[in-house]
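Trainee: Sending over a structure as structure tokens; questions will come in a sec.
Protein chains: 2
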Amino acid sequence: MNISEVSKATGLPPKTIRYYEDINLIQPLRQANGYRAFRDSDVHKLAFLARARSLGFPVESCRSLLALYDDETRASADVKQIAKTHLSEIDQKLSELTAMRDTLRTLVKACAGDDRPDCPILSDLAAPH
Amino acid sequence: MNISEVSKATGLPPKTIRYYEDINLIQPLRQANGYRAFRDSDVHKLAFLARARSLGFPVESCRSLLALYDDETRASADVKQIAKTHLSEIDQKLSELTAMRDTLRTLVKACAGDDRPDCPILSDLAAPH
DNA sequence: CATAAGCCTTCCAGTGACTGGAGGGTCAAG
DNA sequence: CTTGACCCTCCAGTCACTGGAAGGCTTATG
Numbered sequence: 036m037n038i039s040e041v042s043k044a045t046g047l048p049p050k051t052i053r054y055y056e057d058i059n060l061i062q063p064l065r066q067a068n069g070y071r072a073f074r075d076s077d078v079h080k081l082a083f084l085a086r087a088r089s090l091g092f093p094v095e096s097c098r099s100l101l102a103l104y105d106d107e108t109r110a111s112a113d114v115k116q117i118a119k120t121h122l123s124e125i126d127q128k129l130s131e132l133t134a135m136r137d138t139l140r141t142l143v144k145a146c147a148g149d150d151r152p153d154c155p156i157l158s159d160l161a162a163p164h
Numbered sequence: 036m037n038i039s040e041v042s043k044a045t046g047l048p049p050k051t052i053r054y055y056e057d058i059n060l061i062q063p064l065r066q067a068n069g070y071r072a073f074r075d076s077d078v079h080k081l082a083f084l085a086r087a088r089s090l091g092f093p094v095e096s097c098r099s100l101l102a103l104y105d106d107e108t109r110a111s112a113d114v115k116q117i118a119k120t121h122l123s124e125i126d127q128k129l130s131e132l133t134a135m136r137d138t139l140r141t142l143v144k145a146c147a148g149d150d151r152p153d154c155p156i157l158s159d160l161a162a163p164h
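Chains A and B supply the protein sequences, listed in that same order. For the first sequence, the working numbering begins at 36 and goes up steadily by one. For the second sequence, the working numbering begins at 36 and goes up steadily by one.
Below, the structure is given as structure tokens:
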């Protein structure tokens with residue numbers, strides 16, 4: 036399988052697939068002409084990575100998850116730990132973003148948005164905090 | 036005012052203040068010894084930037100907001116537009132993160148987290164999507 | 001057989017917003 | 001005169017790609 040087929044199969048751009056090889060997440064074979072030759076196992080790994088990345092796992096966590104997936108003697112506790120850590124980072128980000136959104140909503144609502152210079156948004160930014 | 040005092044006053048690390056000068060957000064004067072000499076107006080700008088950044092505005096938006104703040108003939112509509120654009124990007128991110136969180140929560144809850152290898156998290160990652 | 005389109009390759013640079021560290025100058029106190 | 005706490009600049013690294021240049025390979029057509 037050539038890279039563009041793998042790209043279609045996994046939804047990952049060819050550039051990303053090459054990058055994942057660069058950082059050693061996959062080790063595809065090579066054809067005589069130098070083209071990458073992807074096995075089914077490479078495609079599975081890439082699909083796994085695509086899914087894990089879409090859930091927001093950092094690439095290094097994806098590497099660990101992939102290793103655990105390959106390890107039949109793994110303990111599910113190790114997987115769960117990674118997921119829980121990631122989940123709490125997401126929760127953290129969510130609460131920061133929610134706070135930002137609430138403040139911004141209030142400010143946007145309070146701003147006339149006309150051709151006059153008075154602006155509660157700028158007033159807020161300039162006020163001491 | 037020296038950089039460490041400004042840092043204390045604004046909550047921004049000295050490195051960040053130097054960086055903001057590098058990208059021309061502020062133009063502090065220099066003392067004879069080469070040290071930066073911050074005026075009150077520099078400190079005010081930095082505080083403004085710190086607040087805008089804490090609301091998640093990208094640095095380039097901060098630059099625009101600062102310019103509008105300085106412009107007494109501004110239209111509040113221009114400020115509001117920037118804020119609304121930013122707000123919708125936050126809303127976008129929030130919905131992505133919320134979806135991730137919901138999926139992860141379900142998976143984490145379903146995982147035994149013991150010393151056995153069976154793991155619904157890995158099963159999900161390996162399943163077609 | 002030549003050529004053109006569409007693959008594939010590598011390598012380099014850029015993104016955003018800092019952050020760490022090396023290497024070195026300056027200043028105030030004892 | 002030395003020590004410690006400042007300050008300076010410049011370079012490299014972060015994260016996860018992404019864009020682009022320069023060039024080789026493959027396939028179809030004239």
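Beta carbons are placed, not taken as given, at the ideal position from N, Cα and C, and that holds for glycine. From a predicted model like this one, the values you see are computed outputs, not experimental measurements.
1. If you draw a straight line from the C-alpha of alanine 134(B) to the C-alpha of arginine 140(B), how long is it?
2. Applying the 10 Å Cβ sphere with the 16-neighbour rule, what's the burial state of leucine 101(A)?
3. For alanine 67(A), count neighbouring C-beta atoms within 10 Å of its own C-beta (all shown protein chains included) and say buried if the count is 16 or more, exposed if not.
4. Just tell me which of Glu131(B), Ala82(B), Gly148(B), Arg53(B) has its CA closest to the CA of histidine 164(A).
5. Can you name, in chain order, every residue of its own chain whose Cβ lies under 6 Å from the Cβ of valine 114(A), other than the five neighbours on each side?
6. Which same chain residues, not among the five before or five after glutamate 56(A), have their C-beta less than 8 Å away from its C-beta?
7. DSSP has arginine 109(A) in a bridge; who is on the other side?
8. Which word fits isoleucine 58(B), buried or exposed, when buried means at least 16 other C-beta atoms lie within 10 angstroms of its C-beta?
9. Among Ile38(A), Thr45(A), Arg98(A), Cys97(A), which one has its Cα closest to the Cα of glycine 69(A)?
10. Check the C-beta distance from leucine 122(B) over to arginine 136(A) and give it rounded, since I have them as a contact under 8 Å.
11. Does DSSP put arginine 136(A) in a helix, a strand or coil?
12. With a threshold of 8 Å, are at least 3 pairs of Cβ atoms found where one atom belongs to the region 148-159 of chain A and the other to the region 41-56 of chain B?
13. Compare the C-beta of glycine 91(B) against all C-beta atoms of chain A and say whether one is closer than 8 Å.
14. So with CB distances below 7 Å, who are the chain A contacts of valine 114(B)?
15. Give every residue of the same chain whose Cβ lies closer than 8 Å to the Cβ of leucine 142(A), excluding the five residues on either side of it in the sequence, and list them in chain order.
16. For the region 86-110 of chain B, which residues have a CB atom closer than 7 Å to at least one CB atom of chain A, in sequence order?
Mentor: Reading from the atomic positions:
1. Along the second sequence, read from residue 1 onward, the residue named residue 134(B) stands at position 99. Along the second sequence, read from residue 1 onward, the residue named residue 140(B) stands at position 105. Those two C-alpha atoms are separated by around 10 Å.
2. Within the first sequence, residue 101(A) is the residue found at index 66, counting from 1. The residue is buried, with at least 16 neighbouring Cβ atoms inside 10 Å.
3. On the first sequence, residue 67(A) is found 32 positions in, with the first residue counted as 1. Burial call: exposed.
4. The residue given as residue 164(A) occupies position 129 in the first sequence. If we check each option's Cα against that of histidine 164(A), Ala82(B) comes out closest.
5. Counted from its first residue, the first sequence places residue 114(A) at position 79. Excluding positions up to five away in sequence, the list reads Leu103.
6. Within the first sequence, residue 56(A) is the residue found at index 21, counting from 1. Excluding sequence neighbours, glutamate 56(A) sits near Gln62, Pro63, Arg71.
7. In the first sequence, the residue the question calls residue 109(A) occupies position 74. Bridge partners of arginine 109(A): none, in fact.
8. The residue labelled residue 58(B) in the question sits at position 23 within the second sequence. Counting Cβ neighbours within 10 Å, isoleucine 58(B) comes out exposed, since fewer than 16 surround it.
9. For the purposes of this step, residue 69(A) is taken as the residue at position 34 of the first sequence. The candidate whose alpha carbon is nearest that of glycine 69(A) is Ile38(A).
10. Walking along the second sequence from the start, residue 122(B) turns up at place 87. Walking along the first sequence from the start, residue 136(A) turns up at place 101. Confirmed, about 7 Å.
11. Residue numbering aside, residue 136(A) sits at position 101 when the first sequence is read from its first letter. Three-state result, arginine 136(A): helix.
12. no
13. Reading the second sequence from its first residue, position 56 is the one you call residue 91(B). It does; some Cβ of chain A falls within 8 Å.
14. Taking the second sequence and counting its residues from 1, the one referred to as residue 114(B) is at position 79. Neighbours of valine 114(B) on chain A, chain order: Cys146, Cys154, Ile156, Leu157.
15. Walking along the first sequence from the start, residue 142(A) turns up at place 107. Pro155, Ile156, Asp159.
16. Arg86, Ala87, Leu90, Gly91, Leu100, Leu103, Tyr104, Glu107, Thr108, Arg109, Ala110
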